[in-house]
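Worksheet: one structure, shown below.
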Amino acid sequence: MSFVEIKNVKKHYGEGEAMTAVLTGVDLSIEKGELCVLLGPSGSGKSTLLNIIGGIDDADEGYVMINGEKTADMNEKRLTQYRRNHLGYVFQMYNLIPNLTVRENVEVGAYLSKKPLEVDELLKTLGLYEHRNKLPNQLSGGQQQRTAIGRAVIKNPDILLCDEPTGALDYNTSKEILALLERINREYGNTIIMVTHNDALKNMADRVVKLRDGRISRNYLNEKRMPVSEIEW
Amino acid sequence: MRNPMNRRYLRELKADFGKYLVIFLFIVMVVSVVSSFLVANAGVAKAYYGAMEKNHIENGHLAFNVRPDDELLERISSKAKITLYPADYFEEENDGVTMRVYRLGSNVNLPELMEGRLPEASDEIAIDNLHSLNAGIKIGDRIQVDGHLVTVTGFVALPNYTALFQDNADLMFDIQGFGVGVMSAEGFDAFSSEHVTIGYAWTYDEKPETDKEKNDAAEKVLEALREELTKVNTKIIMRAMMGEKDLTMLEATDFVPDHENKAITFAGEDMSGDSASISVFLYIVVGVLAFIVAVTTLNTLAKEATVIGTLRASGYTRGEMIRHYLVLPFAAFFVGMAVGNLLGYTVMRDFMLGIYRAMYSFGRAETLWNREAFLKTTLLPSLLMIVINYVILAWKLRIKPLRYLRREISGRERKRAMRLSRKIPFTWRFRIRIIIQNMSNYVMLAIGVILAGAIIIFGLMFRPLLDEVSRRIADTPICRYQYILKSPEDVSDEAAEKFALASLETMCRDFKTDEITVYGISQNSLYVKKEIPENKVLLSNGFMEKYGVKVGDRVSLYDKYADKTYEFTVAGEYLYEASLAVFMNLDEFNDMFEKTPDYYSGFFSDRELEGLTESNVYAKIDSESLGGLATQLWESFAGIMGPVRWFGVIMFVLMVYLLAKQIIERNQTSISMTKILGFTNGEIGGLYIASTTIVVVASLLLAIPLVDRLLRLIFENYLYQRVSGFLPYCVSNDCYVKMILLGIGSYVAVVIMQLLKIRGIKKSDALKTLE
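Spelled out as structure tokens, the structure:
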């Protein structure tokens, strides 16, 4: 059995005539330590699929099983514990706490974990050590996103879920962030599932999943994973 | 590891100091007032009940028209199992002030010396400390009693005059026009004139505990008194029949058991009532504050929605989030509680004690640590605050993290925007949208304004109300002078018209007993010009209104001296504001009360009557004695009403400031964006502050009917039942005008602060991604 098993997941939004099917039956397996990129145009259902995997949205049908546990069988409390112990989240918007410093924002993630990484070490890895006492509004967009990644990674989650992590960043900063994710995947061995609409990023993935109209149109292992530094778009 | 989120608290406090300051000030204000009131109340209650025991208070008193013989008194004592003590007094009126003087030496109602010493020489007197305070009398002053000057040697508190009621039928005590004093036996006998009332006080040999036991015990005394009076008067009648002349029947002129004596019970009942009312007031205010705090916390949740979504998605539990967002408002609340209690026990305590001291005559009162006050002012409001906020926040945080991430937490996002006609100018549509968007804030604002409005009106209404009462009393006299006689006596004056008078009591279970004056009116009366149908009565308008009596109803009234109940059929209303009264035909009166057909007990007259024996006049009622009522009432209320009014105004300012501030902060990004678009600070104020202004003004206007309804309910369901006598419910229009002016005046201060806040919002705020 794979680390992440997704079986016949369906999801719709709205009621009656306004009902829109977002996922129309998704089956997917992701192995532990894989860097999986979910690709697809806007409205293809990739963020919805990520949210269902993360347990912050429910599937109408089908199930998500992580490490042998079905998320649908968990109550709210158990689901919170599951997210607390196993998941890290990175969003397009950084959602940092404005009145906490960089270090403190990262510590917010460390607090949740029984076996967090060393904060200063990670800040150095993220290139944020010298900015550790700054507030978010004193940082650039890239630095803020690195802080958000730090907050997610510090608790050493089994799975890191990234929803368009470079969507609000320029080309160079995006590359910098993606290289960081690549490094985290390599160094800490976390499974990373990343949603993006940037087709070029398929090259950095172990597994590429393409979604179209709520279905998986392609799902393949990338035999020639490329370092981010070599990818151009 | 300590939760790093805790580090936000101090920063949060600095950043939003105004909000927490308002919560703190609000609770300090309310708790200090309420705790000081309760602490003073408990201290005073201790002095009040302590003095009863210590100073051997009476269980009741009675009076006779002539001195009865000792055997009669002994028989009454033995039958009713009481001890009787002499309690003669005489009254002297000087410059409109009646002084009731008792003789020292009786072992009942012992005066507690507050200052100076008790009188010893025959030209010395000690007077009540409250009256001396109001009349500005000092120790060593010489005051006039019965035409003689006597020296004031000390100030005392008499346990049977904690409230200075001259007459038990009075609506309110009279601290200006009535006082009590004591003289040595020698002095009393030297000064007392023919006005001496032959009085006795009694105490029960076995103290009754419950109300029923008290009633039964008093009933037993009355029964014994009745029996002995019948016996003695039968003998007198027999002697008269035998031809003896100049015999006087022995009559009881007064009979008041302690539980019916307002001079004794009023302060106690008032204190217990005050304590209950102020606690209810505290809970209402804390309830409103709790909702305001909840609204401000919900605003914070809206502001930090995406952060909360991220934290929840990362595994922060609902409980951790609830605790995080409640720590600061609760800290402000609890620190406010502590400071409020501290002030209540120190600075404010003396102020509150002063209010009681200005109304009642107590012995030494200490304010003490009071567990009940602590429970009422701290524990219960805290529970209220915690429960309301916890429930609201827990309910809000049940929303899934995804909806927080999408900022879909108000429940309105998915609904279509309300259609607003294009005929409405753009700025007005903008304002309407602001009101809709901030509806929960504005609903709380409206509730707060209405509550504060009610407090302001309550603080304003009594002066004009009492003026109105005075005016109504002055406008509805029966005549200029009412003479009440001890026994019938003819007078030759065309203006004099005979009437009979009896005093009965109401028997309505839910209401405090009212004394009802029953008038027997002569046929074709010059003064009561409304026709009274045969076998029916007219009721004074106050009686009709207070008890909700309608034409055709039957009213039962009780005669405690005869233990008889009388029934009357109501034919209509008679406009007479001075007392609660029944008007019936004189011949029916005499028949009903078993009097001789030509019996009467006084005269109505439009001019002063000459030729009446002065000692036979029990009372002379004129416009002056009736008109003093309102002044008396006002003097007892004035001390508390000023602070009540300003409390309402401060509450208004704090609430409006807090909620208006929330609205500006919630829209900080939009305001910043409108600045970028080129709107001036004034124009932005015109949009955002005008919306709040519309709600404030509309709430103030809405407060008029709502406050009117609320206060009417309080009068009809609370005051009417608790207070004997009748105080009509009416609020002068001036009060509402003043409320609106005070409201708008204080709102202007809030507007200035809001304009400064708008000026402080930077254009860059809209461009920054704060989260």
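Protein sequence lines, in the order shown, are assigned to chains A and B.
Counting from 18, one number per residue, gives the positions in the first sequence under my numbering.
Counting from 5, one number per residue, gives the positions in the second sequence under my numbering.
C-beta: ideal position from N, C-alpha, C; glycine also.
Please read these numbers as outputs of a predicted model, since none were measured by experiment.
Look up residue 572(B) in the DSSP assignment and give the residues it is bridged to.
559(B)
Can you name, in chain order, every residue of its own chain whose Cβ lies under 8 Å from the Cβ of residue 243(B), other than the five neighbours on each side?
251
Secondary structure at residue 327(B), three-state DSSP: helix, strand or coil?
helix
Mapping the DSSP letters down to three states, classify residue 86(A) as helix, strand or coil.
strand
Helix, strand or coil for residue 351(B)? Go by DSSP, reduced to three states.
helix
For residue 53(B) and residue 707(B), I'd like the C-alpha separation in whole angstroms.
41 Å
Cβ-based neighbour list, residue 564(B), same chain, cut-off 8 Å, excluding 5 preceding and 5 following
226, 259 and 509
Contact belief for residue 282(A) with residue 176(A) at Cβ below 8 Å, rounded distance in angstroms
The structure shown has nothing for residue 282(A), since chain A only spans 18 to 250.
Indicate whether the contact test is met: 3 or more Cβ pairs, each with one atom in the segment 196 to 216 of chain B and one in the segment 44 to 58 of chain B, closer than 8 Å.
no
Run through the DSSP bridge pairs and tell me what residue 211(A) is partnered with.
54(A) and 179(A)
Can you check whether the C-beta of residue 108(A) is within less than 8 Å of a C-beta belonging to chain B?
yes
Give me the chain A residues within the contact set of residue 404(B), using Cβ-Cβ distance strictly less than 8 Å, ordered along the chain.
73 and 74
Give me the Cα-Cα distance between residue 500(B) and residue 256(B), rounded to the nearest whole angstrom.
27 Å
Helix, strand or coil: how does DSSP classify residue 586(B) here?
strand
Against chain A, with Cβ distances strictly below 8 Å, would residue 330(B) count as a contact?
no
What do you get for residue 12(B), buried or exposed, if any count of 16 or more other CB atoms within 10 angstroms of its CB means buried?
buried
Residue 460(B) versus residue 452(B) - alpha carbon distance
12 Å
Give me the residue from 102(B), 178(B), 71(B) and 172(B) with the minimum Cα distance to residue 520(B).
172(B)
Alpha carbon to alpha carbon, how far is residue 192(B) from residue 149(B)?
11 Å
Who are the near neighbours of residue 24(A) in its chain, counting only those whose CB is closer than 7 Å to its CB and skipping five residues on each side?
44, 79 and 80
Consider the Cβ of residue 294(B): report whether some Cβ of chain A lies at a distance smaller than 8 Å.
no
Counting only beta-carbon separations shorter than 8 Å, does residue 8(B) have a partner in chain A?
yes
Closest by C-alpha distance to residue 617(B), when choosing among 496(B), 107(B) and 457(B)
496(B)
Residue burial classification, residue 614(B) (beta-carbon count within 10 angstroms, cutoff 16)
exposed
How would you label residue 539(B), buried or exposed, when you count the other beta carbons within 10 angstroms and need 16 or more for buried?
exposed
Element boundaries [alpha helix (DSSP H), containing residue 389(B)]
384 to 400
Which of the three DSSP states, helix, strand or coil, is assigned to residue 18(A)?
coil
Reference residue 455(B); option with closest CA among 651(B), 153(B) and 202(B)
651(B)
Spatial neighbours of residue 233(A) within its chain, please: C-beta separation below 8 Å, excluding the five flanking residues on both sides.
43, 44, 45, 226 and 227
Is the Cβ of residue 350(B) closer than 8 Å to any Cβ of chain A?
no
The segment 11 to 39 of chain B: positions lying closer than 7 Å to chain A by Cβ
11, 12, 15, 16 and 19
Exposure label - residue 429(B); buried when at least 16 CB within 10 Å
exposed
Assuming residue 163(A) and residue 145(A) form a contact by the criterion Cβ under 8 Å, report the distance between their Cβ atoms to the nearest whole angstrom.
6 Å
Please check if any C-beta of chain A sits within less than 8 Å of the C-beta of residue 648(B).
no
Quick one: grab the DSSP three-state call for residue 544(B).
strand
Assigned exposure category for residue 37(A) - 16 Cβ within 10 Å defines buried:
exposed
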